[in-house]
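Residue numbers (our numbering), protein chains in the order written: chain E, 358 to 729; chain B, 21 to 242. Where is the CB? At the ideal position from N, CA and C, for every residue including glycine. Structure record follows, encoded as structure tokens.
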Amino acid sequence: MIRFEGVTKEYADGTTAVGGLSLNAPTGAITVLVGPSGCGKTTSLRMVNRMIEPTAGRITIDGEDTATMDPARLRRGIGYVIQHAGLFPHRTVVDNVATVPRLLGWDRRKARDRSMELLERVGLPAELARRYPHQLSGGQQQRVGVARALAADPPVMLMDEPFSAVDPVVREQLQDEFLRLQAELGKTILFVTHDIDEAVKLGDQVAVLRVGGRLAQLDAPGRLLADPADDFVAEFVGRDRGYRGLAFRPAPPLEPREEPTVPLGAAPEEVRRVTADWVLVVDAGRPVGWVEPRAIDAPVTTDRLHRGGTVARLDGSLRAILDAALSSPSGRGVLVDDDGLLLGTVTASAVVAALDGVPRTDPVEPPEPVER
Amino acid sequence: MDWILGHLDDIGGYTVQHAWLAGLPLLLGLAVAVPLGWLARRRSWLYTPIVAGTGLLYTIPSLALFILMPLVLGTRILDEENVIAAMTIYTVALLTRTVADALGAVPDDVVAAATAMGLGPVRRLLTVELPMAVPVIAAGLRVAAVSNVSIVSVAALIGVPQLGVLFTDGFYRDFLDPIVAGLVASALLALLFDLAIVALARVLTPWHRTPAAARSGSEAPS
Ligand SMILES: Nc1ncnc2c1ncn2[C@@H]1O[C@H](COP(=O)(O)OP(=O)(O)OP(=O)(O)O)[C@@H](O)[C@H]1O
Ligand SMILES: [Mg+2]
Numbered sequence: 358m359i360r361f362e363g364v365t366k367e368y369a370d371g372t373t374a375v376g377g378l379s380l381n382a383p384t385g386a387i388t389v390l391v392g393p394s395g396c397g398k399t400t401s402l403r404m405v406n407r408m409i410e411p412t413a414g415r416i417t418i419d420g421e422d423t424a425t426m427d428p429a430r431l432r433r434g435i436g437y438v439i440q441h442a443g444l445f446p447h448r449t450v451v452d453n454v455a456t457v458p459r460l461l462g463w464d465r466r467k468a469r470d471r472s473m474e475l476l477e478r479v480g481l482p483a484e485l486a487r488r489y490p491h492q493l494s495g496g497q498q499q500r501v502g503v504a505r506a507l508a509a510d511p512p513v514m515l516m517d518e519p520f521s522a523v524d525p526v527v528r529e530q531l532q533d534e535f536l537r538l539q540a541e542l543g544k545t546i547l548f549v550t551h552d553i554d555e556a557v558k559l560g561d562q563v564a565v566l567r568v569g570g571r572l573a574q575l576d577a578p579g580r581l582l583a584d585p586a587d588d589f590v591a592e593f594v595g596r597d598r599g600y601r602g603l604a605f606r607p608a609p610p611l612e613p614r615e616e617p618t619v620p621l622g623a624a625p626e627e628v629r630r631v632t633a634d635w636v637l638v639v640d641a642g643r644p645v646g647w648v649e650p651r652a653i654d655a656p657v658t659t660d661r662l663h664r665g666g667t668v669a670r671l672d673g674s675l676r677a678i679l680d681a682a683l684s685s686p687s688g689r690g691v692l693v694d695d696d697g698l699l700l701g702t703v704t705a706s707a708v709v710a711a712l713d714g715v716p717r718t719d720p721v722e723p724p725e726p727v728e729r
Numbered sequence: 021m022d023w024i025l026g027h028l029d030d031i032g033g034y035t036v037q038h039a040w041l042a043g044l045p046l047l048l049g050l051a052v053a054v055p056l057g058w059l060a061r062r063r064s065w066l067y068t069p070i071v072a073g074t075g076l077l078y079t080i081p082s083l084a085l086f087i088l089m090p091l092v093l094g095t096r097i098l099d100e101e102n103v104i105a106a107m108t109i110y111t112v113a114l115l116t117r118t119v120a121d122a123l124g125a126v127p128d129d130v131v132a133a134a135t136a137m138g139l140g141p142v143r144r145l146l147t148v149e150l151p152m153a154v155p156v157i158a159a160g161l162r163v164a165a166v167s168n169v170s171i172v173s174v175a176a177l178i179g180v181p182q183l184g185v186l187f188t189d190g191f192y193r194d195f196l197d198p199i200v201a202g203l204v205a206s207a208l209l210a211l212l213f214d215l216a217i218v219a220l221a222r223v224l225t226p227w228h229r230t231p232a233a234a235r236s237g238s239e240a241p242s
């Protein structure tokens, strides 16, 4: 656990970057620091690995006061990922990743093997290993940055807006992979972002900071959206927090309706026989898209499909289920099981009706130290 | 022309001597400029005194410096150490700012990442900052090399042999051949230094030779 106890940083010019911050980042969980620009997020993060020294208060990691630890040793036990990855442009990808293991005295062979293993883990093909950073896309560089931070298997990770310099599609992909990786690794993570959506998506708990580095609210993401502590947090969390909060509300018991389907390759007559309205096309039991019977003049192929509709798991979040209904051209949201097999459909009005029956706030308390 | 052909040995000897007197100070000067430039970066209040102070050294007339050196070093007037020391001073004058600015141009996030991985200041300098500064430092070295090759000739006036001797010889005898030979040899030497530095910089910066990734902004789904 990383513990901030009344931590303050005042710069020589009198700026209070962080003012009396106290919070715990539990072992094995992701704690997100979020807040407007200049609120002291980076400063807070850098005080953990002592790239910046606090002017008051103390920070402990698993009970040990960081101020008493040798900075170099402290840092080699903490992975650090930053916005533009900060890769060494003069070293190949594999050598970048091997940096800390080499510093720790691993032999070349072992460091390289570890490095290759990590590249695979973060989803990079082995042939990129010999390249230099400038030969990679922004998203790939960021993955290398994560691999490099993980190389010596540090228990603690500090991440400063690691995904904010890539485009939204890649960002989402990186976030999903990051969550998957964290589910396997269970690191103690302090994650900084100014993006509240990213904060509620990734955080086991979210700390909202106001300018001057003061804690405005520390809560589980669902509670943050449902019950902002004050106007500042409410404003920061944003307008459609009601809708976004659905992401943290458990799905109500919904009865999916049976949906008539046609297989890929079905003939136009076959499609028209089902209904005049939109028809769901399946392939080996998995929904692949919708077709409009009167627009079909040849057997159904994938390029004829309407792909606007999202697909939700029946046990997924309310937000995903409602979105499936709202985005479907037929108005019927497609529900699947954990294996992606079709269970049926549900309309938006059915979801909203069911909504009235579920508790408004997430009953979950702020996360205890999570064992994963 | 006959004179040149008849004195090829002499000209060759002078050229080697010239290369030594101009080349060794490049290495010595670099060895001094790197820690100075680094210090100027690490302590921001030292930047101006160090960079301006070393820059001023370049304004000392070379003849004066050659004559002053024995007094400072306790050497004899004809010793080549005087020339080497003086040329080292000029090299430091040209390179200190270059080194300081080259180190300053290393992106903050790269320095931050290196620090966060537990690299101490010296290790960071040697393994990250200097390798990244090679292209800029090499550009500074090329200027210093040409400058050294040209200034060293003045040492002929204090009797240290190198290509400059050909100029004084031609001048006193009112004879063009040695002067032409000296000019051509100096130019070739300067060119040689330049090529050597470019080649060395190329070897030291393999990452500069690889084509960049297509700037697509997005990546193929994996
Ligand atoms: N070296 C410094 N000297 C003086 N003030 C500083 C220094 N570094 C940061 N600050 C100030 O401290 C405050 C917090 O800075 P910090 O970088 O921690 O903010 P941040 O929350 O990370 O912002 P952003 O989202 O823009 O990255 C800012 O007001 C900043 O101007
Ligand atoms: Mg910041």
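Checklist entry - What's the call for E:Ser401, buried or exposed, on a 16-neighbour Cβ count within 10 Å? => result When all chains shown are included, E:Ser401 counts as buried.
In whole angstroms, what separates the C-alpha of B:Ser206 from that of B:Ile31? 11 Å
Going by C-alpha to C-alpha distance, which of E:Leu460, E:Leu671 and E:Ala540 sits closest to E:Ala508? E:Leu460
* Contacts of E:Met514 in chain B (Cβ-Cβ under 8 Å) -> Result: empty, since nearest Cβ-Cβ is about 11 Å, beyond 8 Å.
**Study point:** For E:Pro383, the three-state DSSP class (helix, strand or coil)
**Key:** coil
Around ligand 2, which residues pass a check of Cβ closer than 7 Å to any of its heavy atoms? E:Lys398, E:Thr399, E:Asp517, E:Glu518 and E:Val549
Checklist line | Proximal residues to B:Val169 (C-beta, below 8 Å), its chain only, five neighbours per side dropped | finding: His38, Ala42, Ser206, Leu209, Ala210 and Phe213
With 16 other Cβ atoms within 10 Å as the buried cut-off, status of E:Ser394
exposed
Subject >> Cα-Cα separation between B:Gly17 and B:Tyr192, rounded to whole angstroms >> reply: An answer regarding residue 17 of chain B cannot be provided, because it is not within the stretch 21 to 242 covered by chain B.
By alpha-carbon positions, which one of B:Leu114, B:Val174 and B:Met152 ends up nearest to B:Leu161? B:Leu114
* To do: Report the rounded CA-to-CA distance for E:Val501 versus E:Asn453, giving the unit in angstroms.
  => 8 Å
E:Tyr489 burial status per 10 Å Cβ neighbour count (16 or more: buried):
buried
Exercise for the section: Indicate whether at least one CB of chain E lies closer than 8 Å to the CB of B:Ala318. Expected result: Given a span of 21 to 242 for chain B in the structure shown, any question on residue 318 of chain B remains unanswerable.
Query - Beta carbon proximity, E:Tyr437 to chain C, threshold 8 Å - result: Here chain C cannot be found, since the structure's protein chains are E and B.
_Please list, in chain order, the chain B residues whose beta carbon lies closer than 7 Å to that of E:Thr456._
Met137
### Query
Whole-angstrom Cβ separation of E:Lys398 and E:Val549, contact assumed at under 8 Å?
4 Å
Proximity winner among B:Arg117, B:Leu93 and B:Thr118, relative to B:Ala244 (alpha-carbon distances) | Coverage of chain B is limited to positions 21 through 242, which leaves residue 244 of chain B absent and any answer about it impossible.
Is B:Met152 near ligand 4, with its Cβ less than 7 Å from a heavy atom? With respect to small molecules bound, the structure shown includes ligand 1 and ligand 2 and not ligand 4.
With 16 other CB atoms within 10 Å as the buried threshold, where does E:Ile678 fall?
buried
Q. Taking C-alpha atoms, which residue in E:Leu542, E:Arg598, E:Trp647 and E:Thr373 lies nearest to E:Pro686?
A. E:Trp647
(request) Return the bridge partner residues of E:Tyr600 from the DSSP annotation. (result) Looking at the DSSP assignment, E:Tyr600 forms no beta bridge with any residue, so it has no partner.
Output, in chain order, the set of chain E residues within a Cβ distance shorter than 7 Å of B:Gly140. Ala429
Problem set entry | In chain order, each alpha helix (DSSP H) run of at least 4 residues that lies wholly inside the region 443–487 of chain E | 450–454, 456–460 and 465–478
Three CB pairs or more closer than 8 Å across the region 386–393 of chain E and the region 564–577 of chain E
yes
What beta strand (DSSP E) runs, 3 residues minimum, are completely inside the region 359–432 of chain E? The DSSP assignment places complete beta strand (DSSP E) segments of no fewer than 3 residues inside the region 359–432 of chain E at 359–367, 373–382, 387–391 and 413–418, in order along the chain.
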